[in-house]
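A.B. asks: Residue -10 is where the sequence shown starts when you use this note's numbering, and the numbers rise one by one after that.
Ideal placement from N, C-alpha and C gives every residue a C-beta, glycine not left out.
Below is one structure. I have some questions about it.
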Amino acid sequence: MQSRPGLTGERVVAAAAAVADREGLVGVSMRAVARELGVEAMSLYHHVANKEALLDALADWVSTRIPLPEVGEPWRPAMAARATGARATLSAHPWGLGLIESRRSPGVATLRHHDAVLGCLLAAGFPVSLAAHAFSVLDAYVFGFVLTEQTLPFEAGESAADFVAELALPTEEFPHLAAFMAAQVGPDYAYADEFSIGLELILDGLEQRFTGH
-10 MQSRPGLTGE
0 RVVAAAAAVA
10 DREGLVGVSM
20 RAVARELGVE
30 AMSLYHHVAN
40 KEALLDALAD
50 WVSTRIPLPE
60 VGEPWRPAMA
70 ARATGARATL
80 SAHPWGLGLI
90 ESRRSPGVAT
100 LRHHDAVLGC
110 LLAAGFPVSL
120 AAHAFSVLDA
130 YVFGFVLTEQ
140 TLPFEAGESA
150 ADFVAELALP
160 TEEFPHLAAF
170 MAAQVGPDYA
180 YADEFSIGLE
190 LILDGLEQRF
200 TGH
């Protein structure tokens, strides 16, 4: 019989992430994680103090999967890479969206991530206030975009063009919206393509504000 791998803090957190991927954060409990690992719940307490500590560790788990900018590298490509990586990570693990900014006791990885983002902006010459604004607006954009993608009312296999055709807005009642959809939402339209365009608009605005400060 093959022996079971020894229980470690890393395995506990990875199991919690697997539960969250399957059931959302509401499904994460010490019992559920123990079942995922095939152990008794009490054995988890040798590696994590309680559920709150487990959620803190999950926030760290998400943070380590988002690319860290390097202090000293050009700020614009660094912020673009981080935003793109954050979107990919939060899309793959939707439960992370409301978790990574909500913990009162953030872990080392989460703190290191915040420090690196600010460090990159400050090293580039951003004033503290503008660095704070940049951090806030970029996260708001990424989080909002991911949330919108997760809640779009499309059926599996349905395109935006299919949805618009089914909606069939009367032009006399909604002239501007109908004209917009007719012009913008064609057979090749994908809402996901909006991400990079919107990100560039934000970075353009930050660059303009930065160079003019």
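What are the start and end residues of the alpha helix (DSSP H) that includes I186?
C.D. replies: Translated into positions along the sequence shown, residue 186 becomes position 197. Per DSSP, I186 belongs to the alpha helix (DSSP H) from E183 to T200.
A.B. asks: Under a CB-based cut-off of 8 Å, is M68 close to chain D?
C.D. replies: The structure shown has no chain D; it contains just one protein chain.
A.B. asks: Taking C-alpha atoms, which residue in R65, G(-2) and A6 lies nearest to Q197?
C.D. replies: As a working note, residue 197 is residue 208 in the sequence shown. Ranking R65, G(-2) and A6 by Cα distance to Q197 puts R65 first.
A.B. asks: Please list, in chain order, all residues of the same chain as A69 whose beta carbon is under 7 Å from its beta carbon, the five residues on each side excluded.
C.D. replies: Within the sequence shown, the letter at position 80 stands for residue 69. Contacts found: L188 and L192.
A.B. asks: With A171 and L127 assumed to form a contact (beta carbons below 8 Å), what rounded beta-carbon distance in angstroms separates them?
C.D. replies: As a working note, residue 171 is residue 182 in the sequence shown. As a working note, residue 127 is residue 138 in the sequence shown. With 8 Å as the limit, A171 and L127 do not qualify as a contact, their Cβ atoms being about 32 Å apart.
A.B. asks: Would you kindly check if the distance between the Cβ of L111 and the Cβ of L14 is under 8 Å?
C.D. replies: By 1-based counting over the sequence shown, the position of residue 14 is 25. By 1-based counting over the sequence shown, the position of residue 111 is 122. Result no, Cβ atoms of L14 and L111 do not sit closer than 8 Å.
A.B. asks: Under a three-way DSSP split, which group does V8 fall into?
C.D. replies: By one-based count along the sequence shown, residue 8 stands at place 19. Here V8 sits in helix by DSSP.
A.B. asks: Which of the three DSSP states, helix, strand or coil, is assigned to H122?
C.D. replies: Residue numbering aside, residue 122 sits at position 133 when the sequence shown is read from its first letter. Correct three-state label for H122: helix.
A.B. asks: For D151 and A9, what's the separation of their Cα atoms in angstroms?
C.D. replies: What you label residue 151 is simply residue 162 of the sequence shown in a count that begins at 1. What you label residue 9 is simply residue 20 of the sequence shown in a count that begins at 1. For D151 and A9, the distance between alpha carbons rounds to 32 Å.
A.B. asks: Do A46 and V106 count as a contact pair if the criterion is CB distance below 8 Å?
C.D. replies: Locating residue 106 in the sequence shown gives position 117, counting from the first residue. Locating residue 46 in the sequence shown gives position 57, counting from the first residue. Cβ distance not < 8 Å, so V106 and A46 don't count as in contact.
A.B. asks: Does DSSP put G13 in a helix, in a strand, or in coil?
C.D. replies: Locating residue 13 in the sequence shown gives position 24, counting from the first residue. Note: G13 maps to coil in three-state DSSP.
A.B. asks: Please return the same chain residues whose Cβ sits closer than 6 Å to the Cβ of L43, not counting the five positions on each side in sequence.
C.D. replies: For the purposes of this step, residue 43 is taken as residue 54 along the sequence shown, with counting starting at 1. Around L43: A5 and V37.
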